[in-house]
Every structure is written in structure tokens, then in C-alpha cells.
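S.K.: Pasting a structure here, questions to come.
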Amino acid sequence: MPRLRRYGSRQATRKHPSYYLLPLGISILVVILVTVAFNVYIQFQRIQEQALRSEPIAKVSVETDNVAVIFNGERTNVYKGYTVDWNNDEGFETGEGAQLQIPLSTGDHLRLDSMSTAFGKRDEGRSVLIGFQKGNLWLRSEKAKPEREATLLRMNYLRFAATSPVTVALGDTETEETLAVLSGSLPVMITDTQGKVLRNVVVGVGQQIRLSAATATANAEDAPLEAIPLERMTSSWFTWNTQEDLAMASYEGGPASNEETNPAVPKGAITFANLAPGSTFRSKTLELEGTYMPEEVTSMTINGVPAKLASETKTWRAGPITFADAGTQTLTISYVRADGSEVAFGTREITIDESAPEKPTLESPKNTDVSSANVQLSGRVAEGTARVVINDYELKKFSLGNTSWVYYLNAGDNMAPGVNTYSVVAIDKVGNKSEPLLITINYTPGAMPEVTSNANANTSASSSTTTRSSNQNAQTAAPTSSTTPKTSTTTTKETITPKTTPTVESTTLTPTQIRSGSGSSL
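Just so we're on the same page, our numbering is the position in the sequence shown counted from 1, plus 3.
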């Protein structure tokens with residue numbers, strides 16, 4: 004009988020294990036090759052980054068005295084005329100009268116002014132991070148560039164990346180940071196001291212941000228933008244920014260002068276010790292001085308006034324130089340060489356400002372007869388006031404741009420029983436003084452006001468005193484307070500006579516100013 008065949012039924016053949024080895028081996032080989040290639044790429048990237056980080060951030064030519072390099076907390080002076088590398092994690096510090104021009108490897112330019120400190124390091128790629136610690140710094144970014152080729156700048160509360168053409172002016176004091184945009188616009192991050200971003204704002208041309216430790220968090224809620232103050236608007240740097248010709252010569256020294264563009268005048272033939280481009284004076288009579296090159300200059304005049312030359316010290320002095328009017332004036336400088344030829348050295352524009360600030364005003368207290376051991380005086384001054392002086396004491400926390408002032412009186416310190424007179428004077432940035440505001444405080448310790456009552460009822464009142472530290476006018480300490488128990492008496496005149504009770508002082512913690520602590524923390 005024939006066997007029935009099932010269609011579709013076929014006995015499976017078992018494949019030899021070697022059949023699977025070849026594709027498995029190929030897969031393993033591919034994984035190994037990819038891993039090796041990836042590791043080689045990573046190592047290559049690391050080598051490149053290390054090479055980039057080992058490159059100097061900038062080559063800096065030191066053209067003034069009082070310049071130092073800071074590394075690992077050690078300060079090394081750099082002498083005038085030397086060129087040094089700005090290496091990773093190093094900082095530059097300028098002393099009194101010094102200035103530093105720094106062309107960065109990113110193509111941007113920095114100017115570090117007198118009494119300023121900045122640290123630098125390289126980020127991944129070609130980014131340069133600048134940690135600005137104190138003083139005044141100017142940054143000019145010439146052209147748009149990728150983020151990895153940006154100049155990143157970090158202050159305590161302000162951070163930005165210059166990735167487009169922009170010029171900014173930065174100021175950092177013990178209490179406040181400012182960032183002013185003189186050309187272009189700049190996205191800026193407001194941060195806390197740990198680097199956490201609190202708010203992003205865009206600062207446009209002609210605007211600035213002002214932040215302090217006390218206001219950084221509060222200012223993060225609303226964009227704290229202000230107009231650039233007058234002294235920035237009239238500075239040589241702002242004038243340079245508005246020029247169409249952004250030549251390096253005008254960048255380095257403000258608007259180009261004759262000696263900067265005339266090759267016949269050697270560099271350093273004449274320098275000025277008390278005259279910078281755009282200087283403002285408060286008198287129409289000037290005394291100027293500086294240095295000169297005896298081998299180049301045999302005599303010199305300023306506006307026709309001969310200068311006295313001292314060849315031993317290579318210094319000169321000219322004056323008095325008198326102007327008939329205030330306002331913008333021009334100084335014309337010329338000198339004579341040994342061969343008798345006269346050289347037109349150049350001109351300088353200055354401003355004569357003789358107008359005094361307006362007299363300060365008093366807003367508090369309304370009643371100048373006081374019995375409290377602690378009194379707060381407060382008032383206002385005109386815009387443009389740079390300093391406020393009260394009885395020869397200069398308010399530490401007042402600065403240019405403020406229009407209000409506060410001064411604390413403390414019994415036994417700056418307020419005695421009886422009549423006390425205080426003179427408040429406003430001073431502008433060139434030293435013009437306002438008419439003094441005279442304040443008379445009549446201090447009667449423990450005196451209480453007379454109270455008349457329609458009924459023979461007991462009347463009670465409380466007296467309190469507040470103790471403030473003697474240096475509170477420097478705003479470095481917080482007040483402490485003490486209280487006395489309530490007392491009451493009834494007399495024919497219904498006057499309140501407080502009992503004499505000991506005071507119990509309670510201490511309030513002194514606020515400390517929040518700062519980053521190190522400019523090298525970028």
C-alpha cells in the first residue's frame with residue numbers, strides 16, 4: 004500500500020556551528036573598530052583642547068608702569084615695555100594710573116583701566132572666559148562669531164557672551180556692578196553668586212544695568228535697565244564708539260589726535276600726567292604737567308603759554324593757562340626741536356564746568372526737636388552729585404547716580420545733648436561744591452511731649468530707644484534695639500513722666516556683603 008505524502012512537510016536540516024561564526028566575528032570586529040575609532044577621536048579632541056588651553060589667551064604689551072600678573076595668589080610685577088603671555092588661570096592687575104590694552108585670541112579687544120583686576124581661562128573649544136573682579140573694563144567685539152569662539156565674561160551677578168558686534172563698559176566696586184552697552188545690543192544673564200540664572204535681559208545701546216548684593220534678587224524680577232549716565236556718554240570711549248572709523252589707534256587712546264597719526268612725532272615725545280582725552284575741570288585756570296623727551300623737545304607751549312622743562316627729571320609744567328569762558332575748550336600743543344623746527348604736536352578738547360550742584364534738601368525728620376538717642380537724617384541731592392559730605396564726614400555708600408542720602412545720629416557719638424548743627428554739602432565729579440544745607444537738631448535726652456486730657460484717667464505711654472553702631476553711616480552694621488517697660492502717672496497738667504528703668508539690649512546680626520570671593524572663579 005503506497006504511503007501518503009504530506010505536502011509542505013520537510014525535515015529541517017541542522018546547520019553546522021561554523022555557519023554562525025563568520026557573521027558574529029564580523030559584528031564583533033565592527034564594534035571593536037567603531038570603539039577604537041571613537042576613542043581615537045575623543046583622544047584627538049582632548050589633545051586639541053589641551054593644545055588650545057595651553058595657548059596664551061593673549062599676548063599683552065605693557066605700556067605703563069604699575070602692572071602685575073597674578074597666578075595662584077602670587078603677584079609678579081611686569082615692567083613697562085615688556086610683552087607677556089596671558090596664560091590660562093592667570094590674572095592681570097593694574098595699579099594707580101596704569102592701563103592695559105589686551106587683544107584677545109578670539110579677535111576681541113579688552114581695555115583694563117587703572118586699579119582693575121581680571122582673570123582669564125579657556126573654555127572648551129576656542130571660547131575665552133574673563134572673570135572681572137574689580138575696577139573698570141571695556142570690551143569691544145568686532146564681528147559675529149560662533150558660540151565656541153566667543154568671549155564669555157562673568158561678574159558676580161552679570162554674565163554674557165559677546166557673539167556679535169558690541170562694545171560694553173563694565174564697572175565693579177565693593178558694593179555695585181554696572182554694565183553699559185555703548186554700541187550694539189547684548190543678551191545678559193542676571194545670576195546669583197552661585198551662577199544660577201535669575202533672569203535674562205537684553206541691554207540695548209545707551210542702556211545699562213546696575214546691581215548690588217542687596218538688589219540682585221529683587222532686580223531679577225524686573226529688567227533693571229537705566230540710561231547710560233552722562234559721564235559715560237561724554238567719555239572719550241563713547242566718542243570713539245560713535246565714530247565711523249573704528250581704527251585701532253582711536254580705540255587705544257580715545258579719538259585719534261595729531262601725535263597718534265603724525266609719523267613725524269615720536270611716540271612719547273610729550274605725555275600728560277593730569278590731562279586725559281575728554282577731561283573736565285572746575286576752574287578756567289589750569290596748571291598742567293607731564294613728561295617729555297629731551298632729545299626731541301627743546302621747548303614747548305600750550306595755548307601760547309611756555310612750559311618749564313626739567314631735563315634732569317624729563318618733566319614739564321605749564322601754567323597758568325586761562326580761558327575766558329566755561330564749556331568746551333581746546334588746548335593746542337606745539338614744541339621746538341633742536342634744529343629749530345617747530346612741530347604741531349596736537350590738540351586736546353577739555354570741558355570747564357564751574358556750575359555747583361544744587362543745595363541738598365532735608366526730608367526727615369520733620370521735627371528737629373528730638374528725644375530719641377538715635378535719629379535718621381535723610382534727604383535728596385541733585386543729579387550729577389558724586390559725593391555727599393556732612394560735617395567733614397563723606398558718606399561711604401553714596402556714589403554718582405544716587406539722588407538720596409541718609410545719615411545716622413547717635414547719642415554719645417555724633418549727637419550731644421542740646422543744639423547740634425550739621426552741614427550737608429553736595430560735590431560733583433570735578434569737585435564743585437553746593438551751598439551747604441544747615442540742619443539744627445535740638446536733642447533733649449528722655450524728654451517726653453506734654454499731653455492734655457479731658458478726663459482724670461491714667462495715661463500710659465511707652466518709651467523706646469534704639470542703639471546704632473558708630474559706623475552705621477558707612478552702612479556696615481545693623482541697628483540693635485532696647486526697650487523700657489510702659490509707665491504712667493497722673494498730675495495736674497496730665498503730663499507723662501517715664502520711670503527710669505534699666506535697658507536690655509538685643510543684638511541684631513550684621514549683614515555681610517555678598518561677593519564671589521575670587522576673580523578667578525569663572
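Just so you know, even glycine gets a beta-carbon here, dropped at the ideal spot from N, CA and C.
Going by C-alpha to C-alpha distance, which of N203, G187, S426 sits closest to I193?
M.R.: Taking the first residue of the sequence shown as position 1, residue 193 is located at position 190. The option with the nearest alpha carbon to I193 is N203.
S.K.: Which partner residues does G123 have in the DSSP bridge list?
M.R.: Taking the first residue of the sequence shown as 1, we reach residue 123 at position 120. In DSSP, G123 forms a bridge with E93, I133.
S.K.: Inspect the CB distances between the stretch 297 to 307 and the stretch 319 to 338 and report whether three or more fall short of 8 Å.
M.R.: Yes: at least three Cβ pairs fall under 8 Å.
S.K.: Can you tell which of L278, T354, E66, P297 has its C-alpha closest to the C-alpha of A321?
M.R.: Against the sequence shown, residue 321 aligns to sequence position 318. Out of L278, T354, E66, P297, L278 has the C-alpha closest to the C-alpha of A321.
S.K.: Helix, strand or coil: how does DSSP classify T220 here?
M.R.: For this step, residue 220 is matched to residue 217 along the sequence shown. T220: helix per DSSP, three-state reduction.
S.K.: Select from A347, M118, A385, K369 the residue whose C-alpha is nearest the C-alpha of E361.
M.R.: Numbered from 1 along the sequence shown, position 358 holds the residue referred to as residue 361. Checked all of A347, M118, A385, K369; the closest Cα to E361 is A385.
S.K.: At the 9 Å Cβ level, is V169 part of the contact set with chain B, yes or no?
M.R.: Absence of chain B from the displayed structure is noted, only one protein chain being present.
S.K.: Which of the three DSSP states, helix, strand or coil, is assigned to Y85?
M.R.: Your numbering for residue 85 matches position 82 in the sequence shown. In the structure shown, Y85 sits in coil (DSSP, three-state: anything other than H, G, I, E or B).
S.K.: Which value, in whole angstroms, describes the spacing of the CA atoms of G187 and F163?
M.R.: Taking the sequence shown and counting its residues from 1, the one referred to as residue 187 is at position 184. Taking the sequence shown and counting its residues from 1, the one referred to as residue 163 is at position 160. Answer to the nearest angstrom: the Cα atoms are 14 Å apart.
S.K.: Closer than 8 Å by C-beta to K62: which residues in its own chain qualify, once you throw out the five before and the five after it? Chain order, please.
M.R.: Along the sequence shown, one-based indexing puts residue 62 at 59. So the qualifying residues of the chain are T86, V87, D88, W89, P106.
S.K.: If you draw a straight line from the C-alpha of G173 to the C-alpha of R143, how long is it?
M.R.: Start at 1 with the first residue of the sequence shown, and residue 173 comes out as number 170. Start at 1 with the first residue of the sequence shown, and residue 143 comes out as number 140. Note on identity: in this sequence residue 173 is Leu, with Gly being the wrong assignment. Each residue's alpha carbon lies about 11 Å from the other.
S.K.: Spatial neighbours of G387 within its chain, please: C-beta separation below 8 Å, excluding the five flanking residues on both sides.
M.R.: By 1-based counting over the sequence shown, the position of residue 387 is 384. Here the set comprises L233, P360, L403, D431, K432.
S.K.: Put I45 into one of helix, strand or coil per three-state DSSP.
M.R.: Against the sequence shown, residue 45 aligns to sequence position 42. I45: helix per DSSP, three-state reduction.
S.K.: What number of angstroms, rounded off, separates the C-alpha of A376 from the C-alpha of N423?
M.R.: For this step, residue 376 is matched to residue 373 along the sequence shown. For this step, residue 423 is matched to residue 420 along the sequence shown. Their Cα atoms are separated by approximately 13 Å.
S.K.: Could you check whether K124 and I73 sit closer than 9 Å to each other, using their CB atoms as the reference points?
M.R.: Position 70 of the sequence shown holds residue 73. Position 121 of the sequence shown holds residue 124. No, the pair does not count as a contact, with Cβ atoms beyond the cut-off.
S.K.: Secondary structure at I448, three-state DSSP: helix, strand or coil?
M.R.: Locating residue 448 in the sequence shown gives position 445, where the first residue counts as 1. With the sequence shown as reference, residue 448 is identified as Pro, and Ile is not the correct amino acid for it. DSSP places P448 in coil when its eight states are reduced to three.
S.K.: Distance, Cα to Cα, E177 vs L140?
M.R.: One-based indexing of the sequence shown puts residue 177 at position 174. One-based indexing of the sequence shown puts residue 140 at position 137. Cα to Cα, E177 sits roughly 15 Å from L140.
S.K.: Is the distance from the Cβ of T354 to the Cβ of G330 below 9 Å?
M.R.: Locating residue 354 in the sequence shown gives position 351, where the first residue counts as 1. Locating residue 330 in the sequence shown gives position 327, where the first residue counts as 1. In contact: T354 and G330 (Cβ atoms closer than 9 Å).
S.K.: Under three-state DSSP, which class holds P26?
M.R.: The residue labelled residue 26 in the question sits at position 23 within the sequence shown. P26: helix per DSSP, three-state reduction.
S.K.: How would you call P363, buried or exposed, if buried means at least 16 neighbouring beta carbons within 10 angstroms?
M.R.: Within the sequence shown, numbered from 1, the residue matching residue 363 stands at position 360. Classification for P363: buried.
S.K.: Compute the distance between the beta-carbons of S535 and K137, then report whether it is under 9 Å.
M.R.: Any answer about residue 535 is impossible in this case: the structure gives the chain only from 4 up to 525.
S.K.: Does P20 come out as helix, strand or coil in the three-state DSSP assignment?
M.R.: Stepping through the sequence shown from its first residue, residue 20 is reached at position 17. DSSP places P20 in coil when its eight states are reduced to three.
S.K.: Which residues bound the beta strand (DSSP E) around V70?
M.R.: Numbered from its first residue, the sequence shown carries residue 70 at position 67. Where V70 is concerned, the enclosing beta strand (DSSP E) stretches over 70 to 74.
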